[in-house]
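**Student:** With our numbering as the guide, the letters of the sequence shown map in order to residues 46 to 379.
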Amino acid sequence: MRLLASAISRGVASGCRATGRGAFALRPCGARLLGMDFHKASSTSHSIFQLHSTDSAFLPRPSRSHLHTVAMASKYTNKLQGKRVLVLGGTSGIGFCVAEAAVEYGAIVTVSSSRQASIDKAIKRITDAYPDSASRINGKTCDLGGDDLEEQIKGLYEFATNGGANKLDHVVNTAGDKFSLPKITEFTVEAANKLSQVRFMGTLFLAKYAATYMNSSADSSFTTTSGVNGAKPADGWAAIAGYITAQEGLIRGLAKDIKPIRANNVSPGAVHTELFNHFGNEEEVKAIVEMYAGKTLTGRIGKPEDLAETYIYIMKNPFVTGTIHQVDGGYLLV
Ligand SMILES: NC(=O)c1ccc[n+]([C@@H]2O[C@H](COP(=O)([O-])OP(=O)(O)OC[C@H]3O[C@@H](n4cnc5c(N)ncnc54)[C@H](OP(=O)(O)O)[C@@H]3O)[C@@H](O)[C@H]2O)c1
Numbered sequence: 046m047r048l049l050a051s052a053i054s055r056g057v058a059s060g061c062r063a064t065g066r067g068a069f070a071l072r073p074c075g076a077r078l079l080g081m082d083f084h085k086a087s088s089t090s091h092s093i094f095q096l097h098s099t100d101s102a103f104l105p106r107p108s109r110s111h112l113h114t115v116a117m118a119s120k121y122t123n124k125l126q127g128k129r130v131l132v133l134g135g136t137s138g139i140g141f142c143v144a145e146a147a148v149e150y151g152a153i154v155t156v157s158s159s160r161q162a163s164i165d166k167a168i169k170r171i172t173d174a175y176p177d178s179a180s181r182i183n184g185k186t187c188d189l190g191g192d193d194l195e196e197q198i199k200g201l202y203e204f205a206t207n208g209g210a211n212k213l214d215h216v217v218n219t220a221g222d223k224f225s226l227p228k229i230t231e232f233t234v235e236a237a238n239k240l241s242q243v244r245f246m247g248t249l250f251l252a253k254y255a256a257t258y259m260n261s262s263a264d265s266s267f268t269t270t271s272g273v274n275g276a277k278p279a280d281g282w283a284a285i286a287g288y289i290t291a292q293e294g295l296i297r298g299l300a301k302d303i304k305p306i307r308a309n310n311v312s313p314g315a316v317h318t319e320l321f322n323h324f325g326n327e328e329e330v331k332a333i334v335e336m337y338a339g340k341t342l343t344g345r346i347g348k349p350e351d352l353a354e355t356y357i358y359i360m361k362n363p364f365v366t367g368t369i370h371q372v373d374g375g376y377l378l379v
């Protein structure tokens, strides 16, 4: 940050004025040099614009090529600055890393899951790692597994947008509950409904209110999460493969139905997250991790940080919609 501030101060020194607190503030012309709309930049951009007087004192006038370099330096990296991002499932695993990455990119983030304790823990983890992010992160529970699904979703959107006043730019859903999978010969209607609720129905009803609570723009994105078992079902996973495929079809349809907001899906391979804690004791989990690693071309299973990159890319690229992003270390090819 200090390096960037110093670079900016060199590039726009003549466009700066001293503030009463011994720091410099940029005039709109300086912001335009950085490829940003000054008037749109939220208060979260403020930290970038606070340049200590000692950084910019006695600096030579910048050359034209230097100014160009400075302007280009923020063309890609500032895309999420001040954007409002909601992450369901943002308290653990993949969703946590999406929330963390969005905070690192300067976004204003709401994390959600079914339990207040996990929200509190996630916010603490993020603010411990990024102390200046405390005013940019909050959280609210939303249980996608209950009969009041729609009310829960509306309540979350109301919270994240301050009653609709501050619309969202990006919604990410990585929520996934623990499930039991009966053999196909033992399936019940109840088991089938339960299996579809959080991941499929949750996505459907989140999308129902996207137009109401999100900025209507191709800069906005709605991203969900499926899994490799849709394309390559494990033995006994027919029902899961069905719901995953349904969810991916849903996303292609939503890309049309909620346009210009973009709709995309990420399909992870095996990723070592807290989800693995449900698979047994430490030894058993280690064996599962090694087994999946042996089924990749990369020689290791995924980290949640690897997956976060894909969600961030989708948020940042206004030309990506209706897609399924396979992020699996080559699992489908093995
Ligand atoms: N990890 C993998 O290898 C892998 C592979 C393929 C697909 N996926 C899919 O990717 C998604 C994320 O996986 P992950 O590994 O990051 O899982 P994870 O670490 O277990 O995180 C799941 C998140 O969902 C939340 N959640 C659980 N039940 C919920 C409910 N009823 N309502 C709202 N939120 C709920 C959890 O928080 P609370 O418990 O506090 O509610 C948590 O924040 C899941 O859909 C998973 O099936 C994962």
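Virtual Cβ for every residue (Gly too), placed ideally from N, Cα, C. Computed from a prediction, not measured in an experiment: that's the story for all the values here.
Where the beta carbon is closer than 5 Å to any heavy atom of ligand 1, which residues qualify, in chain order?
**Tutor:** The set, ordered by position in the chain, is Gly134, Thr136, Ser137, Gly138, Ile139, Ser158, Ser159, Arg160, Ser163, Asp188, Leu189, Gly190, Thr219, Ala220, Gly221, Asp222, Val243, Thr270, Gly272, Pro313, Ala315, Val316, Thr318, Glu319 and Leu320.
**Student:** Give the DSSP-derived three-state secondary structure of Phe141 in the structure shown.
**Tutor:** Helix, per DSSP.
**Student:** Over the uninterrupted beta strand (DSSP E) stretch that includes Leu131, give me the two end residues.
**Tutor:** Note, Leu131: beta strand (DSSP E), Arg129 to Leu133.
**Student:** Taking contact to mean at least 3 C-beta pairs separated by less than 8 Å, is the stretch 334-347 in contact with the stretch 238-247?
**Tutor:** The stretch 334-347 vs the stretch 238-247: no contact.
**Student:** What are the complete beta strand (DSSP E) segments, minimum 3 residues, inside the stretch 304-351?
**Tutor:** Counting whole runs of 3 or more residues, the stretch 304-351 contains the beta strand (DSSP E) stretches 307-313.
**Student:** Find the nearest neighbour of Val365 within the set Val311, Val372 and Arg307, judged by alpha-carbon distance.
**Tutor:** That would be Arg307, whose Cα lies nearest to the Cα of Val365.
**Student:** Hey, Ala205 and Thr155: beta-carbon distance below 8 Å or not?
**Tutor:** Closer than 8 Å, so yes.
**Student:** What do you reckon, are the CB atoms on Trp258 and Tyr337 nearer than 8 Å?
**Tutor:** According to the sequence provided, residue 258 is Tyr. The question's Trp does not apply to it. No, the Cβ-Cβ distance between Tyr258 and Tyr337 is not below 8 Å.
**Student:** With DSSP as the reference, label Thr355 as helix, strand or coil.
**Tutor:** Thr355: helix per DSSP, three-state reduction.
**Student:** Per DSSP, Leu240 forms a beta bridge with which residues?
**Tutor:** For Leu240, which the question treats as bridged, DSSP gives no partner whatsoever.
**Student:** Could you say which of Glu328, Asn183, Cys187 and Gly190 lies nearest to Asn207 if we only look at CA atoms?
**Tutor:** With distances taken between Cα atoms, Asn207 lies closest to Asn183.
**Student:** Relative to the alpha-carbon of Pro227, which residue among Val311, Gln161, Ile285 and Arg345 has its alpha-carbon at the smallest distance?
**Tutor:** With distances taken between Cα atoms, Pro227 lies closest to Ile285.
**Student:** So, Val311 versus Leu377, is the Cβ gap smaller than 8 Å?
**Tutor:** Contact flag unset, no.
**Student:** Please say whether Ile346 and Ala147 have beta carbons closer to each other than 8 Å?
**Tutor:** For Ala147 and Ile346, no; Cβs fall outside 8 Å.
**Student:** Count the other CB atoms, across all protein chains shown, that sit within 10 Å of the CB of Ser262; report buried if there are 16 or more and exposed otherwise.
**Tutor:** So Ser262 ends up on the exposed side.
**Student:** What residues are listed by DSSP as bridge partners for Leu419?
**Tutor:** Past the edges of the chain, shown from 46 to 379, lies residue 419, and the structure says nothing about it.
**Student:** So Thr290 is in the alpha helix (DSSP H); what residue range does that whole segment cover?
**Tutor:** Element bounds for Thr290: Ala283 to Asp302.
**Student:** Can you give the Cα-Cα distance for Ser119 and Glu149, rounded to whole angstroms?
**Tutor:** Roughly 14 Å between the two C-alpha positions.
**Student:** Per DSSP, what kind of secondary structure is Thr122 in: helix, strand or coil?
**Tutor:** Residue state, collapsed to three classes: coil.
**Student:** Taking Gly294 as the reference, give the member of Gly314, Thr368 and Asn260 with the closest Cα.
**Tutor:** Measuring from the Cα of Gly294, the nearest candidate turns out to be Thr368.
**Student:** Exposed or buried, Met360, counting other C-beta atoms within 10 Å across all chains shown (16 or more means buried)?
**Tutor:** Burial call: buried.
**Student:** When DSSP labels each residue in this structure, what does Lys253 get in the three-state scheme?
**Tutor:** Correct three-state label for Lys253: helix.
**Student:** Tell me, to the nearest whole angstrom, how far the beta carbon of Gln292 is from that of Phe245; I am working on the premise that it is less than 8 Å.
**Tutor:** At roughly 5 Å, the Cβ-Cβ gap stays under 8 Å, so Gln292 and Phe245 are in contact.
**Student:** Among the residues of its own chain, which have a CB less than 6 Å from the CB of Gln161, if the five just before and after it don't count?
**Tutor:** Hits under 6 Å: Thr186.
**Student:** In whole angstroms, what is the alpha-carbon distance linking Asn309 and Glu196?
**Tutor:** Looking at the two C-alpha atoms, the distance is approximately 24 Å.
**Student:** When the Cα atoms are used, what is the spatial distance from Phe394 to Gly135?
**Tutor:** In the structure as shown, the chain begins at 46 and stops at 379. Residue 394 is therefore absent and cannot be evaluated.
**Student:** So what's Ser225 in DSSP terms, helix, strand or just coil?
**Tutor:** Reduced to three states, the DSSP call for Ser225 is coil.
**Student:** For Asp188, I'd like the list of residues in its chain whose CB is within less than 7 Å of its CB, leaving aside the five on either flank, ordered along the chain.
**Tutor:** Taken in chain order, the residues that qualify are Ser159 and Gln197.
**Student:** Quick one: is Asn322 buried, meaning 16 or more other Cβ sit within 10 Å of its Cβ, or exposed?
**Tutor:** The residue is exposed, with fewer than 16 neighbouring Cβ atoms inside 10 Å.
**Student:** Looking only at its chain, what residues have a beta carbon closer than 6 Å to the beta carbon of Val132, apart from the 5 residues adjacent to it on each side?
**Tutor:** If we look at Val132 and ignore the five residues flanking it on each side, its Cβ neighbours are Gly140, Val143, Ala144, Val156 and Val217.
**Student:** Using CA coordinates, which residue listed in Val330, Gly375 and Phe250 is at the minimum distance from Gly191?
**Tutor:** Out of Val330, Gly375 and Phe250, Phe250 has the C-alpha closest to the C-alpha of Gly191.
**Student:** Residues in the same chain with beta-carbon distance under 8 Å from Ala353, minus the five sequence neighbours each way, listed in chain order, please.
**Tutor:** So the qualifying residues of the chain are Ile139, Cys142, Val143, Glu145 and Ala146.
**Student:** How about Ala252 and Leu194: are their beta carbons less than 8 Å apart?
**Tutor:** No. Outside cutoff.
**Student:** Given Pro363, which residues of its chain have a CB within under 6 Å of its CB, disregarding the five upstream and five downstream residues?
**Tutor:** Excluding sequence neighbours, Pro363 sits near Ala263 and Asp264.
**Student:** Are the CB atoms of Thr318 and Ser178 nearer to each other than 8 Å?
**Tutor:** No, the Cβ-Cβ distance between Thr318 and Ser178 is not below 8 Å.
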